[in-house]
Amino acid sequence: MGKISAYARLLRLPGLGGLAIPPVIGAVTVGVFDLQILSLLFLIGAFCVIYGFVLNDYVDIDLDKLVKELHGKPLVSGEISRKSALTISFFCVVLVFLSVFLLWKGEIIDDRKIEAILSLVLAGIFGTIYNIYGKMFVCSDVLVSLSVAFLFLFGALSVGEPNPITWIVFVLTFNNLMHMNMIEGGIKDADHDYLMNVKNVALALGVKVQGKNVTIPTSFKSISLGIRTFSSALLLSPFVVLGYSYYPWQIGLLLILILLIFYLTIKLLSIKVFDRNKIRKYIAAMSFLRYSLVPIMLIPFIGFEYSLMLIVFPFAWYVVFAPLIGEKLFRPRM
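Now the structure itself:
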């Protein structure tokens, strides 16, 4: 059972319900709801995510050994060998393209599908560069953000023609990953990133931990709130700018969730004492709120039922799989 738990932790099993869903949402934005197609797109997303996380853990083994809190990671502890990690990453790439073959079996490969493959390849290239070299230069967060955004775009291009809503969600996906990696990750890891000579925006702008005291400069806070403000504007733009129809209660709900995310963001940016558990709680809460925003925005375009499924699925997946690896609910290991 210990070995199974180790592999589940390496694969980030509890988080896959949300992490692997971008290509599914991409397909939904172009009006595709076929369960078989969406299932294959979810598998493609899952294999891509697993590839990225396992490769990242493999590359970071020696660095992670410098941080006591990371000694429990399966590759660092030796529960899983380096060779096994590389094997998993290799087979994930194979399974991605096998799944693409099954997705398009019997169909003509037109220009749009070629664009979809190009998006998938770009997602892989950006993600791989980030995992191998991401700690060596500032603003590498752009690469992982582009990687996930192009994975989303693959889902749309593989089954339909992107529309204005697709492109809005594309930019939202990029924004969310930028904030999650650059801001939230930068604060969470500020106590040990400098030990590993990491180059990132947080350290470059002066985020630092001295003893238990945290310093977060105004410039860093401004970037965070700027990203949040831009994302909020994008969420409302289909209705305010493009003139699509909406439900008044839907806009009200979006505004409430946006305010909650701003509240949690400000709480995170205002911490004075470094408390990793509290930081993790803030990050987890913001992540689960974010999972709800795009489906709620999409209600007029895909219907309430499908939006509800997109909201519930990541939560249900997490609640089912988190206890299997001994993880406390809503306190993920990061």
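My numbering puts the first residue of the sequence shown at 669, with every later residue one more than the last.
Think of the CB as a built atom: it goes at the ideal place given N, C-alpha and C, for glycine as much as any other residue.
CB-CB under 7 angstroms to Ile-970, same chain, minus the five flanking residues each way: which ones, in chain order? Val-696
Under a three-way DSSP split, which group does Lys-781 fall into? helix
Under the assumption that Ile-929 contacts Arg-958 (Cβ atoms under 8 angstroms), give the Cβ distance between them as a whole number of angstroms. 7 angstroms
If you draw a straight line from the alpha carbon of Ile-718 to that of Arg-680, how long is it in whole angstroms? 7 angstroms
Of all the options Leu-738, Val-866, Phe-715 and Gly-853, which has the alpha carbon lying nearest to the alpha carbon of Ala-688? Phe-715
In three-state DSSP terms, what is Val-941? strand
With 16 other CB atoms within 10 Å as the buried threshold, where does Pro-963 fall? buried
Taking C-alpha atoms, which residue in Gly-670, Pro-691 and Leu-678 lies nearest to Leu-978? Pro-691
What did DSSP end up calling Val-877 once you bin it into helix, strand or coil? strand
Expressed to the nearest angstrom, what Euclidean distance is found between the alpha-carbon atoms of Met-1002 and Met-848? Below a pLDDT of 50, predicted positions are generally treated as unreliable, and Met-1002, at 49, falls in that range; the measurement from the model is reported next regardless. Straight-line Cα distance between these residues: approximately 12 angstroms.
Apart from the five residues on each side of it in sequence, which residues of its chain come closer than 6 angstroms, Cβ to Cβ, to Ala-676? Ile-993
Between the CA atoms of Leu-825 and Lys-781 - distance to the nearest angstrom: 6 angstroms
Other residues of its chain near Leu-936: CB distance less than 6 angstroms, five sequence neighbours each side excluded: Tyr-950
Identify every residue that forms a DSSP beta bridge with Val-882. Val-877
Relative to the C-alpha of Ile-785, which candidate in Gly-802, Ser-767 and Tyr-798 has its C-alpha closest? Ser-767
Alpha-carbon to alpha-carbon, Ser-892 and Val-839: 16 angstroms
Kindly indicate the opening and closing residues of the alpha helix (DSSP H) around Asn-724. 703 to 727
Please report the Cβ distance between Val-722 and Ile-672, rounded to the nearest whole angstrom; I am assuming they are in contact, meaning their Cβ atoms lie under 8 angstroms. Actually they do not touch by this definition, with Cβ atoms about 16 angstroms apart.
So does the stretch 849 to 868 actually touch the stretch 877 to 896, counting three or more Cβ pairs closer than 8 angstroms? yes
With a threshold of 6 angstroms on Cβ separation, who are the neighbours of Ser-808 within its own chain once the five nearest residues in sequence on each side are excluded? Tyr-798 and Gly-802
Grab me the residues of Ile-729's own chain with a C-beta within less than 8 angstroms of its C-beta, minus the 5 sequence neighbours each way, in chain order. Leu-743, Val-744 and Arg-750
Within its chain, find whatever has a CB closer than 8 angstroms to the CB of Leu-811; leave out the 5 residues flanking it on each side and keep chain order. Phe-794, Gly-795, Ile-797, Tyr-798 and Gly-802
Straight-line Cα distance separating Leu-845 from Val-877: 24 angstroms
With a Cβ-Cβ cutoff of 8 angstroms, do Leu-703 and Tyr-726 count as a contact? no
In three-state DSSP terms, what is Leu-679? coil
Specify the secondary structure class of Lys-803 as computed by DSSP and reduced to three states. helix
Within 10 Å of its beta-carbon, does Phe-710 have 16 or more other beta-carbons around it, so buried, or fewer, so exposed? buried
In terms of residues, what are the limits of the alpha helix (DSSP H) holding Tyr-986? 972 to 989
Cutoff 8 angstroms; reference Val-806; Cβ partners in own chain excluding five residues on either side: Lys-867, Asn-868, Val-869 and Ala-872
Coil, strand or helix - His-847 by DSSP: helix
Going by C-alpha to C-alpha distance, which of Gly-670, Leu-678, Gly-685 and Ala-674 sits closest to Pro-982? Gly-685
Are the beta-carbon atoms of Leu-932 and Leu-961 separated by less than 8 angstroms? no
Among the candidates Ser-815, Ser-975, Gly-746 and Lys-741, whose CA atom is the shortest distance from the CA of Gly-713? Ser-815
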